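*Asks:* In the working numbering, the protein residues as written are 0 to 1223.
Using N, Cα and C, we set each Cβ at its ideal position, and we do this for glycine too.
All values derive from a computational prediction rather than experimental measurement.
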């Protein structure tokens, strides 16, 4: 037969080696309760380290229970995942990689723009001391490095080549940046910095229980062996024990409230004590509801009835169960394998059937009698704790008139919950008339045990209201819900208990054997007692009794733990979970851990313990490799939430402790997320001001006083961070932190939860902070430049001016970086930021004035400093013509005016002295004196233009003065050139050997220079002239004639030079006049020999002068104008000479001399720059050419004296020789 006693913890094959196998050698020690989680620090027995160790061990026990069986909190899955911190070692590696790229030692392709962007990033960010600040405060991540580079290049990329977009370029640059950051494709052995995509550790994910155990071992400094002992002794793997522990804790808290033994905190109002008790009861009831809401597997409950049937003394219970309310469900597996002992013909067919009482019937496959093997399994479901399994062996009846097969044998099996054993042979009972005397069937039977069935077995029992007769019955300890247990007795083959008690309010304990004769059977007694009822039980085995007591005590949730009496039974080889627990308890006692395990949670100051737990957890969190900014990981937050909910830590106290710890870290330089501070502060403020964020109405004096302390410290911290915003939030990181800080500061300034801060009051506080910020920023930047080292009286003024220039450059960079990284957060305070910047520059002006005052007179090195400052102020509209800008203007205005005066004097001296001694050798575009004068004028004009003087009055004055000065100087220059030109033209001997001197060409070049400079420098004068010509005659023009004067001078030069050159042509024509007809000289000269020498020399004369003009006169317009003037005058002379001889026929020598000359003129002048066909073939030229052509025809005796129509049409365009319009 199958044994009918069962428990899942009956045996334990994993007994600890070396442990004694005695059943129980002594009773368990009574729990030692303490009034405080920490013994007195003044104890003479234990030193401070031991006290702290015990305190952390006790705390670790509570944490273990929160992790093992949580019923209030869950790990959050939507928290922001944190990225790895960048360490100083990582920064060194990153800088080395960027240095390799900048030095060209990498294979990364890049253009100049990207190289410049990386260089700027390296200089302004990677090499900045503020990066070290970010590393020190634990807020620097790979994402910060990447985002700062991205923001810097977004402002650099402006002009995009065709076919590309800004996004394409940015993506390409960011890809190259990532490659540089990762070190290209190298695989170094040292630890590389975190990848750009952001890496989250397992601590940022949902953690398992084992991972949480390991984490808090490290946090609380618990050793692994201590954890193993505590884990086993606390039975953390036993859900029933943990649920019972929670029930005991809650009952203990309720009893402490009811008995008034627990000291209440001091409240701000006396009437809050009663409210506090009600709040505690509400919290406890809520915890009970949460615990009761946890599902219990494999239990089916029916709706509760309004009446109680066979339920003892449950009138006070909140939930009344009846036997029909609970229905168990069991699964039975029956595997029939084979049979033996069948004495039938081999060809006969046999099979088996199997069924469970009240369930379905299954049949195996058919098999021959010679080989009766089936291996058929039947799965049954039943509600009977003690079912009956029936198996029958049948012979197939093949007769024609047979209705049923013949039964050969049958057997009955009685499994129990949790029953399982290997397959074995069962003896079947042959039926009457069976041909076989002994038949055996090999099969395996297995019955599961539902999770809500905690204990079952046969025990003796007798009670007052139920089980009134001492009798052995089959009992089942059943869990209906987390808070409802029932002890039920069952008959065999019945699905409902015939009697039961609901264990709410019962207490179980060991009892002595009654002395009467009624309680016969059973050796080891225990009892369940409740007011108005009691039940006595007995078992045949001591271990079985202890298991029953242990399970029932878990179900009742009683605070008293029964202690088993000593027993004389030893040497029993049987062990189970209870004996293992005994061994774990003994080991905990040996290592001094029993006090932590047995501590009563209802008598412990959990607020003090939680403060320690939260502090150590925050320390651990801030020291890991991830930038958390004070936020807990999901696993840590889950444990803290569960601890607070389970052990009644007040929400306001929790956040106050958190704020105190965060403030300590923030004040020590650790970066804490202001959003986190804001959340905790808002919670505490709401609670203290009576807004009930968590439904708690009572407010303790500790909470009120601590909140005031936190508010004051937080105020000081925030003002310090705002004052040092550039260094508290370097490069605007963490992103949005400064804006969140300002929002928190406004929240801290609120006097209550609902009244907002007046804008004027908030602005006033911000004005104070920003004024101090300007002093802090300027102090740091001046200290960086070491400006104090250059303030000594013996410092070289030049070095001091250089230091001020560097300081101004750094100041501008500082303000531009502040605008770039913090401008968005401070845009709400634009007016205050203008005041902040003005104050910053006002501090700079003190050093500026001191440096300028020691400069020697008439030194102009400071003008570059003015240009730097003035360009900055002009770009910043809010600072333009502000106090500091005006101060700079007033400081530099005398210097500028003095510089212009000296330059004017210098230029005047150059004109006066230079042109008197001028050699007129070609230098640059003119001569030595003109180059010097025009260089000084251009420099002075460029200087005043580059100043971008912001004051309109002085700027207009400077512009007009420069223009008038230029007009005067240019006019003086041109006059000197005029005088020199006249002198040089008078020196020449104008024959065919004459070549235009280079000095005259230089003078033409100087005039061209003057003309160009007059157009550039005196531009406004020309514009005034245009407006005056347009009708605005009222406009006063001071020097309107400088350009006219230059043009007149140019005409005079052309006239004088051409007149001198024409002397040569006149001489030639005079010689030809000797051959005129009708004169005595003509006959004489006609008889002399006639050569082409005169014509050839004149052609050479013209070509030599044309070449000189082309090579030495640089301005094309002036040169062409001179050529046109010369050419037209030659044609006029020829026309006049031929007109005088209209009635005379030309002598052949005259004709042979002039006609070739006239033919060569257009070609020669065209070759040397006169490209206008209208000028070259003017009316005068056509007259000369026509006359000479007629003379040539008459001489040859051919043709007509009239011009052909073709020639007339060819030269019929314009006869106005005075039109010198140019064709370039």
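(1) Would the beta-carbon of residue 656 fall within 8 Å of that of residue 610?
(2) Are the CB atoms of residue 772 and residue 721 nearer to each other than 8 Å?
(3) With distances taken Cα to Cα, identify the nearest neighbour of residue 175 among 155, 148 and 162.
(4) By a C-beta neighbour count over all protein chains shown, 10 Å radius and 16 as the cutoff for buried, is residue 1179 buried or exposed?
(5) If we count the other Cβ atoms within 10 Å of its Cβ and call it buried at 16 or more, is residue 757 buried or exposed?
(6) Using a Cβ distance threshold of 8 Å, determine whether the stretch 486–502 contacts the stretch 537–550, with at least three qualifying pairs required.
(7) Measure the CB-CB distance between residue 1012 and residue 933 and report whether it falls below 8 Å.
(8) Ends of the alpha helix (DSSP H) at residue 772?
(9) If distances are taken between C-alpha atoms only, which option among 332, 343 and 344 comes closest to residue 353?
(10) In chain order, what residues of the same chain have a beta carbon less than 7 Å from the beta carbon of residue 803, not counting five sequence neighbours either side?
(11) I need the DSSP call for residue 1188, collapsed to helix, strand or coil.
(12) Please name the residue or residues paired with residue 352 in a DSSP beta bridge.
(13) The alpha helix (DSSP H) with residue 796 in it runs from where to where?
(14) Report the rounded CA-to-CA distance for residue 322 versus residue 521, giving the unit in angstroms.
(15) Report yes if the C-beta distance between residue 482 and residue 246 is below 8 Å; otherwise report no.
(16) Go to residue 524, then tell me how far its beta strand (DSSP E) extends in each direction, as first and last residue.
(17) So residue 393 and residue 350 are supposed to be a Cβ contact under 8 Å. How far apart are they, rounded?
(18) Looking at C-beta atoms only, is the number of pairs between the stretch 734–746 and the stretch 798–817 that lie closer than 8 Å three or more?
(19) Would you kindly work out how many angstroms separate the C-alpha atoms of residue 583 and residue 241, rounded to a whole number?
(20) Spatial neighbours of residue 276 within its chain, please: C-beta separation below 7 Å, excluding the five flanking residues on both sides.
(21) Considering only C-alpha positions, which residue in the set 560, 472, 470 and 467 is nearest to residue 507?
(22) I need the straight-line Cα distance from residue 1130 to residue 1065, nearest angstrom please.
(23) Using only the alpha-carbon positions, how far apart do residue 785 and residue 49 sit?
(24) Quick check: what's the CA-CA separation for residue 385 versus residue 476?
(25) Run through DSSP, which three-state label would residue 10 get?
(26) So, does the stretch 1092–1109 touch the stretch 1166–1178, judging by three or more C-beta pairs under 8 Å?
(27) Determine the burial state of residue 654: buried for a count of at least 16 other Cβ atoms within 10 Å of its Cβ, exposed for fewer.
(28) With respect to the beta strand (DSSP E) encompassing residue 1046, which residues constitute its N-terminal and C-terminal limits?
(29) Residue range of the beta strand (DSSP E) that residue 955 falls in?
(30) Could you pull out every unbroken alpha helix (DSSP H) segment of at least 4 residues lying fully inside the stretch 367–440, listed in chain order?
(31) Can you grab the Cα-Cα spacing for the pair residue 1051 / residue 1124, in whole Å?
(32) Assuming residue 695 and residue 278 are in contact, meaning their beta carbons sit under 8 Å apart, how far apart are those beta carbons, in whole angstroms?
(33) Can you name, in chain order, every residue of its own chain whose Cβ lies under 7 Å from the Cβ of residue 727, other than the five neighbours on each side?
(34) Are there 16 or more other CB atoms within 10 angstroms of the CB of residue 783, so buried, or fewer, so exposed?
(35) Measuring straight from C-alpha to C-alpha, what distance separates residue 764 and residue 899?
(36) Just curious, the alpha helix (DSSP H) that residue 85 is in, first and last residue?
*Replies:* According to the data block:
(1) Translated into the one-based positions of the chain shown, residue 656 becomes position 657. Translated into the one-based positions of the chain shown, residue 610 becomes position 611. For residue 656 and residue 610, yes; Cβs fall inside 8 Å.
(2) Here residue 772 refers to the residue found at position 773 when the chain shown is read from its first residue. Here residue 721 refers to the residue found at position 722 when the chain shown is read from its first residue. Yes, Cβ-Cβ distance for residue 772 and residue 721 is below 8 Å.
(3) As a first step, residue 175 must be located in the chain shown, where it is residue number 176. The candidate whose alpha carbon is nearest that of residue 175 is 148.
(4) Within the chain shown, numbered from 1, the residue matching residue 1179 stands at position 1180. Answer is buried; the Cβ neighbour count reaches 16.
(5) To locate residue 757, count along the chain shown from 1; it is residue 758. Counting Cβ neighbours within 10 Å, residue 757 comes out exposed, since fewer than 16 surround it.
(6) no
(7) Counted from its first residue, the chain shown places residue 1012 at position 1013. Counted from its first residue, the chain shown places residue 933 at position 934. Their beta carbons are under 8 Å apart, which means residue 1012 touches residue 933 by this criterion.
(8) The sequence position of residue 772 within the chain shown is 773, counting from 1. Unbroken alpha helix (DSSP H) run through residue 772: 758–784.
(9) Here residue 353 is taken as the residue at index 354 of the chain shown, counted from 1. Among 332, 343 and 344, the Cα nearest to that of residue 353 is on 332.
(10) Looking up residue 803 in the chain shown gives position 804. If we look at residue 803 and ignore the five residues flanking it on each side, its Cβ neighbours are 846, 847, 850 and 864.
(11) Residue mapping note: residue 1188 aligns to position 1189 of the chain shown, counting from 1. Helix at residue 1188.
(12) Within the chain shown, residue 352 is the residue found at index 353, counting from 1. Answer is 362 and 391.
(13) As a first step, residue 796 is located in the chain shown; it is residue number 797 there, counting from the start. That run of the alpha helix (DSSP H) goes 796–821.
(14) One-based indexing of the chain shown puts residue 322 at position 323. One-based indexing of the chain shown puts residue 521 at position 522. Computed Cα separation, rounded: 27 Å.
(15) Counting from 1 along the chain shown, the entry for residue 482 is found at position 483. Counting from 1 along the chain shown, the entry for residue 246 is found at position 247. Their beta carbons are under 8 Å apart, which means residue 482 touches residue 246 by this criterion.
(16) Locating residue 524 in the chain shown gives position 525, counting from the first residue. Start and end: 523–529.
(17) By one-based count along the chain shown, residue 393 stands at place 394. By one-based count along the chain shown, residue 350 stands at place 351. Between residue 350 and residue 393 the Cβ distance is about 6 Å, and since that is below 8 Å, they are a contact.
(18) no
(19) The residue labelled residue 583 in the question sits at position 584 within the chain shown. The residue labelled residue 241 in the question sits at position 242 within the chain shown. Cα to Cα, residue 583 sits roughly 16 Å from residue 241.
(20) Translated into positions along the chain shown, residue 276 becomes position 277. Closer than 7 Å at the Cβ level, and outside the excluded window around residue 276, lie 256.
(21) Residue mapping note: residue 507 aligns to position 508 of the chain shown, counting from 1. Answer by Cα proximity: 560.
(22) Residue numbering aside, residue 1130 sits at position 1131 when the chain shown is read from its first letter. Residue numbering aside, residue 1065 sits at position 1066 when the chain shown is read from its first letter. One C-alpha to the other measures close to 12 Å.
(23) For the purposes of this step, residue 785 is taken as the residue at position 786 of the chain shown. For the purposes of this step, residue 49 is taken as the residue at position 50 of the chain shown. C-alpha separation (whole angstroms): 54 Å.
(24) Position 386 of the chain shown, counted from the start, is the residue given in the question as residue 385. Position 477 of the chain shown, counted from the start, is the residue given in the question as residue 476. Straight-line Cα distance between these residues: approximately 14 Å.
(25) Taking the first residue of the chain shown as 1, we reach residue 10 at position 11. For residue 10, the predicted structure reports a pLDDT of 39, less than 50, and the residue's modelled location is therefore unreliable. A value from the coordinates is still provided. The answer is coil: DSSP assigns residue 10 none of H, G, I, E or B.
(26) yes
(27) Locating residue 654 in the chain shown gives position 655, counting from the first residue. Result: buried.
(28) For this step, residue 1046 is matched to residue 1047 along the chain shown. Run containing residue 1046: none in the beta strand (DSSP E); it sits in the alpha helix (DSSP H), 1041–1071.
(29) Along the chain shown, read from residue 1 onward, the residue named residue 955 stands at position 956. Unbroken run through residue 955 is the alpha helix (DSSP H), 951–986; no beta strand (DSSP E).
(30) none
(31) Locating residue 1051 in the chain shown gives position 1052, counting from the first residue. Locating residue 1124 in the chain shown gives position 1125, counting from the first residue. Cα to Cα, residue 1051 sits roughly 11 Å from residue 1124.
(32) By 1-based counting over the chain shown, the position of residue 695 is 696. By 1-based counting over the chain shown, the position of residue 278 is 279. With 8 Å as the limit, residue 695 and residue 278 qualify as a contact, their Cβ atoms being about 6 Å apart.
(33) Along the chain shown, read from residue 1 onward, the residue named residue 727 stands at position 728. Only 720 meet the Cβ criterion.
(34) As a first step, residue 783 is located in the chain shown; it is residue number 784 there, counting from the start. Answer is exposed; the Cβ neighbour count stays below 16.
(35) Here residue 764 refers to the residue found at position 765 of the chain shown. Here residue 899 refers to the residue found at position 900 of the chain shown. Rounded to whole angstroms, residue 764 to residue 899 spans 48 Å at the Cα level.
(36) Counting from 1 along the chain shown, the entry for residue 85 is found at position 86. Counting along the chain, residue 85 falls outside any alpha helix (DSSP H), and DSSP gives it neither H nor E.
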